[in-house]
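For what it's worth, this note's numbering labels the leading residue of the sequence shown as 1, then goes sequentially.
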Amino acid sequence: MSRALIVGSGGREHALAWKLAQEGEVHAVPGNPGIADVAVCHEGSAEDLDGVLETVRRVQPDLVVVGPENPLIAGLADRLREIGVPCFGPDAQAAMLEGSKAFSKELMAEAGVPTPFGRACSTPEEAWAAVRELEDLGKLPVVKASGAALGKGVIVCDDTEQARQAIRRAMVDREFGDAGQTVVVEERLTGREFSLLTVCGAGTYWSLPVAQDYKRALDGDRGPNTGGMGSVSPTAWVTPDLVAQAEERVVAPILGALAARGLDYRGVLFSGLMVQDGEVYCLEYNVRFGDPETQSVLPRLGSGFFDLLREVASGGRPSPLKVEDVVAVTVVLASAGYPDAYRKGVPIRLPERLPDGTVLFHAGTRIGPQGLETSGGRVLGCTGLGKDLRTARDRAYRLAEAIQFEGKQFRRDIAANAH
Ligand code: AMP
Ligand code: GLY
1 MSRALIVGSG GREHALAWKL AQEGEVHAVP GNPGIADVAV CHEGSAEDLD
51 GVLETVRRVQ PDLVVVGPEN PLIAGLADRL REIGVPCFGP DAQAAMLEGS
101 KAFSKELMAE AGVPTPFGRA CSTPEEAWAA VRELEDLGKL PVVKASGAAL
151 GKGVIVCDDT EQARQAIRRA MVDREFGDAG QTVVVEERLT GREFSLLTVC
201 GAGTYWSLPV AQDYKRALDG DRGPNTGGMG SVSPTAWVTP DLVAQAEERV
251 VAPILGALAA RGLDYRGVLF SGLMVQDGEV YCLEYNVRFG DPETQSVLPR
301 LGSGFFDLLR EVASGGRPSP LKVEDVVAVT VVLASAGYPD AYRKGVPIRL
351 PERLPDGTVL FHAGTRIGPQ GLETSGGRVL GCTGLGKDLR TARDRAYRLA
401 EAIQFEGKQF RRDIAANAH
């Protein structure tokens, strides 16, 4: 039987493990208590590349799937390829698409990808000048820490005073650490967003079914940006035309620009897209599966996922899989306080039996002295599946209500506007 090793420990990695375990043997480093139900978990950390390589030598997988971006940015895929292990995930240079928003903007410009006007700034004065420049054009700014900041380093501003504070938070107070050494000041667009996860290999690509993510902490898209509070797939308002536009204008040209630099992209390219006046704009690229998009996308795929990832990791082309005619909705249960400071170690009570048509994905959980407890901001993902949106939503929320832990917070409006 084929053997996969998944690197990471979140809800996305649990969804990957759950799907791959239907078709092969799965190991994870470090995994989490939910992943342990479907895979063999090994001690370690996704950030410790030497440790991961040591686990790879022991487990001898046919395929390594890297969940989070940091190990990719740090060169894990390069090191695995050096020792002949197929890795699903791009090498370090291509991973800079996510590792540096400044680099990403530069490459988008080179490739002619439609993206809001933006300027990379390395001092607060430069950033302030960029804000004033936008103000003169009658446009509002978005201030983004250039480095990887777990989806939290983006501040969408309603006025220039907010932009001034955002620049201070990122560049002076260093709220996002080194990620904020450089910021990108960007024109704020208004429109609806969707996520396109495209499997890329050997110069070709195949997009997984479209998903929508709910990034803000509170109902009605209010509150701070988070890693993602829920997701839905499909989204009826995203027409095949929009997907084709995204592939032609956002995915294909950036793969071309990478290829021109001698970079062969093996993995999933995540395009964060906004549609304004019928036109698709790229807000960002990620070099990995989305979290929590993956939890809603993978349950909709037919068989062959293991082979698809292994083929691409080995340098082959992605072949399309069947997409099931079901709707999936994922509601994230978060710790009180997230995305700011939160407490860990809060005991979790799960229902004895999960409601029909649901899957529970663990994210920030661990086993403590008293059993299952919280260990992160995003704790669990409740996925509901159904023949229509209403059924899928009802099921996801039934599961969300059935789980208890102190301070549990979740949005009530996930997928309420998906059609
Ligand atoms: P990013 O990490 O760059 O995708 O940004 C996170 C979120 O911030 C996006 O999903 C959007 O909701 C918002 N955002 C980012 N850039 C812009 C922009 N130029 N205009 C409006 N909203 C934006
Ligand atoms: N859900 C957005 C992300 O994975 O970055």
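Where is the CB? At the ideal position from N, CA and C, for every residue including glycine.
Residue environment, residue i, which counts as buried when at least 16 other CB atoms sit within 10 Å
i	result
residue 215	buried
residue 420	Because the chain is modelled from 1 through 419, residue 420 falls outside the range shown and cannot be assessed.
residue 195	buried
residue 1	exposed
residue 190	exposed
residue 105	buried
residue 123	exposed
residue 420	This structure cannot speak to residue 420, because the chain is shown only from 1 to 419.
residue 172	exposed
residue 213	buried
residue 83	exposed
residue 13	buried
residue 112	exposed
residue 153	buried
residue 149	buried
residue 303	exposed
residue 118	buried
residue 236	exposed
residue 249	buried
residue 129	exposed
residue 180	buried
residue 290	buried
residue 260	exposed
Of the residues the options, the one placed nearest residue i, counting alpha carbons only
i	options	result
residue 52	39, 62 and 66	66
residue 4	128, 34, 386 and 16	16
residue 343	333, 290 and 407	407
residue 339	203, 222, 269 and 102	222
residue 326	392, 283 and 264	392
residue 174	186, 13, 144 and 187	144
residue 202	323, 20 and 258	258
residue 109	277, 390, 254 and 188	254
residue 488	24, 21 and 280	The shown model of the chain, from 1 to 419, leaves out residue 488, and the question about it has no answer.
residue 409	387, 381 and 394	381
residue 314	227, 61 and 157	61
residue 413	236, 403, 219 and 28	219
residue 226	341, 236, 400 and 23	341
residue 276	20, 56 and 116	116
residue 256	21, 200 and 278	200
residue 177	383, 146, 162 and 155	146
residue 22	403, 298, 398 and 399	298
residue 77	206, 156, 312 and 155	312
residue 352	334, 402 and 234	402
residue 157	45, 224 and 335	224
8 Å Cβ cutoff met for residue i and residue j
i	j	result
residue 246	residue 208	no
residue 385	residue 368	no
residue 300	residue 324	yes
residue 68	residue 11	no
residue 80	residue 64	yes
residue 372	residue 354	no
residue 185	residue 127	yes
residue 188	residue 141	yes
residue 211	residue 231	yes
residue 251	residue 204	no
residue 38	residue 18	yes
residue 121	residue 26	no
residue 160	residue 133	no
residue 346	residue 405	yes
residue 399	residue 415	no
residue 411	residue 229	yes
residue 56	residue 85	yes
residue 28	residue 6	yes
Beta carbon proximity, residue i to chain D, threshold 8 Å
i	result
residue 145	Here chain D cannot be found, since the structure has a single protein chain.
message = Any contact between the stretch 374-386 and the stretch 304-316? By contact I mean 3 or more CB pairs, one from each, below 8 Å.
response = Taking 8 Å as the limit for Cβ pairs, the verdict is that the stretch 304-316 does not touch the stretch 374-386.
message = Measuring CB atoms only, is the stretch 355-375 touching the stretch 27-38, in the sense that at least three cross pairs come out at less than 8 Å?
response = yes
key: Segment contact flag, the stretch 241-261 with the stretch 165-182, C-beta cutoff 8 Å, min 3 pairs   = no
query = Should the stretch 277-294 be called in touch with the stretch 313-325, which here means at least 3 C-beta pairs below 8 Å?
reply = no
request  = Check whether the stretch 70-84 touches the stretch 95-109, counting contact only when three or more Cβ pairs, one atom from each stretch, lie closer than 8 Å.
outcome  = yes
inquiry  = So, does the stretch 85-98 touch the stretch 260-268, judging by three or more C-beta pairs under 8 Å?
reply    = In short, these stretches touch, since the Cβ pair count reaches three.
ask   = Pairing CB atoms from the stretch 330-337 with CB atoms from the stretch 291-303, are three or more of them under 8 Å?
value = yes
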